[in-house]
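Residue numbers (the numbering used here): 69 to 257.
For every residue, glycine included, the Cβ atom is placed at its ideal position computed from N, Cα and C.
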């Protein structure tokens, strides 16, 4: 390798690593922009309203992806489309990093139903990680409101929310199974 090639390669790699370092999310900036989230999703990111998901401790890649799908209109929710509509990718990444940094709480679940659901969630762990804590771009389900999870599983099942793998899994569950599984997931931390 000649000197020009070595220098060019070094400069190129330096630019790549500099770009990567500059792209790191700014949690403080995310905190400033996330104030709008707290009206619905709880003052600490742990929603008190079972119709709205808790965002505290959620996977940052998942949060960022969902905000982008709302912004782009590929996931339908008028309120969220309005909230995310003017956010830049950088703002989305900052907000996602901030929300992910917050401690999550368990929403709780009906103990009897949770016992029934425990035997049915092992399939969930394949994508959502051990203990349903999320992994990669898949969301953390542990501690989420059972009513919210039930609404989402039902939407996957009836096709009103798209996600190929989730539709297949939701179709394997009866309505009673969905209730039991979501109560179990809500009981986790």
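*Can you tell me where the alpha helix (DSSP H) with residue 148 in it begins and where it stops?*
Looking at the DSSP string, the run of the alpha helix (DSSP H) that includes residue 148 is 146-152.
*Name the DSSP bridge partner or partners of residue 203?*
Residue 203 is bridged by DSSP to 206.
*Put residue 242 into one of helix, strand or coil per three-state DSSP.*
Note: residue 242 maps to coil in three-state DSSP.
_Please report the straight-line C-alpha distance between residue 229 and residue 223, rounded to a whole angstrom._
Rounded to the nearest angstrom, the two C-alpha atoms are 5 Å apart.
*Distance, Cα to Cα, residue 149 vs residue 218?*
Approximately 22 Å between the Cα atoms of the pair.
_Sequence-distant residues of its chain with Cβ nearer than 7 Å to residue 99 (five each side left out)_ = Around residue 99: 166.
*Under the three-state reduction of DSSP, which class applies to residue 268: helix, strand or coil?*
No answer is possible for residue 268: the residues shown for the chain start at 69 and end at 257.
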